[in-house]
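Residue numbers (my numbering), protein chains in the order written: chain S, 1 to 212; chain D, 213 to 424.
Here is the structure we will look at.
Protein chains: 2
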Amino acid sequence: MTVKADTRLRRLPERGSKDLQLAHGIIDESRICHVGFTLDRQPYVVPMALGRDGDHILLHGSVVSRLMTNLADGLPCCVTITHLDGLVLARSAFNSSMNYRSLMVFGTATLVDDEAEKLRGLDMLVEHLAPGRLADLRPSTRKELNATTLLTLPLEIFSIKSRSGPPGDAKRDLNAPIWAGVIPLALTAGNPVPAPDMPADVTLPGYLKRLS
Amino acid sequence: MTVKADTRLRRLPERGSKDLQLAHGIIDESRICHVGFTLDRQPYVVPMALGRDGDHILLHGSVVSRLMTNLADGLPCCVTITHLDGLVLARSAFNSSMNYRSLMVFGTATLVDDEAEKLRGLDMLVEHLAPGRLADLRPSTRKELNATTLLTLPLEIFSIKSRSGPPGDAKRDLNAPIWAGVIPLALTAGNPVPAPDMPADVTLPGYLKRLS
């Protein structure tokens, strides 16, 4: 059993490149994150798509989104990404657990307003969510770009928690006639469902076959 | 395409039983939630296991957990549960999206300190996370129960957002020779991994075969 929990909110230079690589891996495997923020003392947690540009998380949304505006204005946030990797079934409820990898990133987001940077960031988002997709899409129009807000959040202050491996039962429980172990869990892709309004001669591209 | 977003924080009586059924369904399919709270003006978002007891979300943790203590003391929280159901691949980046179901519950949690209620709640958590498991486990000891905090959060003020169905492309894009549609995504169970310290004659029970 491996339980890693370093929840001290240390800045990146104190953490080292190994932690940063772990953080990159957790982000790169994920298509959504949960963004936490506080308004009028009320905490909110909102699911959002995400991407990564080096040591920054990319978030996007509508320019009319109040959340996007607040985040761009420097509202402190916490972006958490979690992979549930398995159910850890011990002989007792108490020692039962979950295998997971979780990254919490703290800070304030920054609006990307340089046009070339914004284009590049939005392209990275597309490729993060569906690798290979970008080359197939028509270029975004200026109107579409103007309707979209792009934010970056630096991977500077973050915390990684994870658990992996078999259950950690008490010694006195080990000989009980109870099945114990891990049920692995993973987000998996099913068979692609073509849009009903697609011309009949368009076939599924290779990069989407690999997804499923 | 169906996009449902009712983010007004209405109390349950105004929402009706249909919304409550939707909320139950989102909870019952999920094994983790993301709990948001604010400490010293800093928002936090922490993944946690969850269960359901009627119209209440069940959360549990160690009695020495600072988060559990703060929540039991009435720290306002937001519990969000999200199912990512698919990638919605439109002909443009702008109209690409995700299919999902998300529930946000707002409020303050309550400590379950009645012993019988706590036992019942923890049993419900076990059955929520791995249906059928409870009957196999040895009873929890008093020491284990005393080391565990159980909290309930009422499904009173909540918001449901979801999207389903095919991409909603602009008319001018429909005849482009670009594959469009949905790549379904689901959290699926893999082959059970037996604990290395299990007696050789213990076999996988039926309720776990059905999980995978």
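Built from N, CA and C at the ideal position, the CB exists for glycine as well.
None of the values given here were measured: they were computed from a predicted structure.
Cβ pair residue i, residue j closer than 8 angstroms
i, j, result
"S92 of chain S", "S352 of chain D", "yes"
"F370 of chain D", "V317 of chain D", "yes"
"M410 of chain D", "A180 of chain S", "yes"
"L58 of chain S", "G121 of chain S", "yes"
"L251 of chain D", "I372 of chain D", "no"
"R133 of chain S", "L301 of chain D", "yes"
"I178 of chain S", "V338 of chain D", "no"
"L187 of chain S", "L299 of chain D", "no"
"L323 of chain D", "T361 of chain D", "yes"
For residue i: DSSP bridge partner residues
i, result
"T69 of chain S", "DSSP output for T69 of chain S lists no bridge partner at all."
"V88 of chain S", "S:S97, S:V182"
"Y44 of chain S", "S:F37"
"D197 of chain S", "According to DSSP, D197 of chain S bridges with nothing at all."
"A401 of chain D", "S:L185"
"M104 of chain S", "S:T80, S:S159"
"L232 of chain D", "Paired residue(s): none; L232 of chain D is not in a bridge."
"R264 of chain D", "D:I269"
"L211 of chain S", "Answer is none; L211 of chain S lacks a bridge partner."
For residue i, the nearest candidate out of the options (CA to CA)
i, options, result
"L287 of chain D", "D:T364, D:E329, D:L346", "D:T364"
"D85 of chain S", "S:H56, S:R101, S:L71, S:V193", "S:R101"
"A109 of chain S", "S:H83, S:A90, S:M68, S:R210", "S:M68"
"L349 of chain D", "S:A176, S:P184, S:L103", "S:A176"
"P194 of chain S", "D:A407, D:V338, D:P378, D:R422", "D:P378"
"H236 of chain D", "D:L315, D:L397, D:L420", "D:L315"
"H34 of chain S", "S:I81, S:D73, S:S164", "S:I81"
"L423 of chain D", "S:E117, S:V182, S:R66", "S:V182"
"C289 of chain D", "S:S17, S:V45, S:Y207", "S:V45"
Spatial distance of residue i from residue j (CA atoms)
i, j, result
"E29 of chain S", "V79 of chain S", "15 angstroms"
"R264 of chain D", "K143 of chain S", "45 angstroms"
"M48 of chain S", "V64 of chain S", "16 angstroms"
"N307 of chain D", "I244 of chain D", "29 angstroms"
"A130 of chain S", "R253 of chain D", "36 angstroms"
"D267 of chain D", "G168 of chain S", "33 angstroms"
"A412 of chain D", "S162 of chain S", "29 angstroms"
"R172 of chain S", "A347 of chain D", "19 angstroms"
"D113 of chain S", "I27 of chain S", "23 angstroms"
"L283 of chain D", "D335 of chain D", "21 angstroms"
"A328 of chain D", "L357 of chain D", "11 angstroms"
"P43 of chain S", "D285 of chain D", "16 angstroms"
Interface partners of residue i on chain A, CB under 9 angstroms
i, result
"G286 of chain D", "The structure shown contains no chain A; its protein chains are S and D."
Residues, ordered as in the chain, of the stretch 331-352 of chain D that lie near chain S by beta-carbon distance below 7 angstroms: L334, V338, L341, A342, R345, D348, L349, R350, S352
Could you run through the stretch 236-266 of chain D and flag, in chain order, every residue whose CB is less than 8 angstroms away from some CB of chain S? R243, I244, H246, V247, G248, F249, T250, R253, Q254, P255, Y256, V257, V258, P259, A261
In chain order, what residues of the stretch 301-329 of chain D put their CB closer than 9 angstroms to some CB of chain S? L301, A302, R303, S304, A305, F306, N307, S308, S309, M310, Y312, S314, M316, F318
Along the stretch 377-394 of chain D, what residues have a CB closer than 9 angstroms to any CB found in chain S? P378, P379, D381, D385, L386, N387, A388, P389, I390, W391, A392, G393, V394
Short-range partners of chain D found in the stretch 194-208 of chain S, where Cβ spacing is below 9 angstroms: P194, A195, P196, D197, M198, P199, D201, V202, T203, L204, P205, L208
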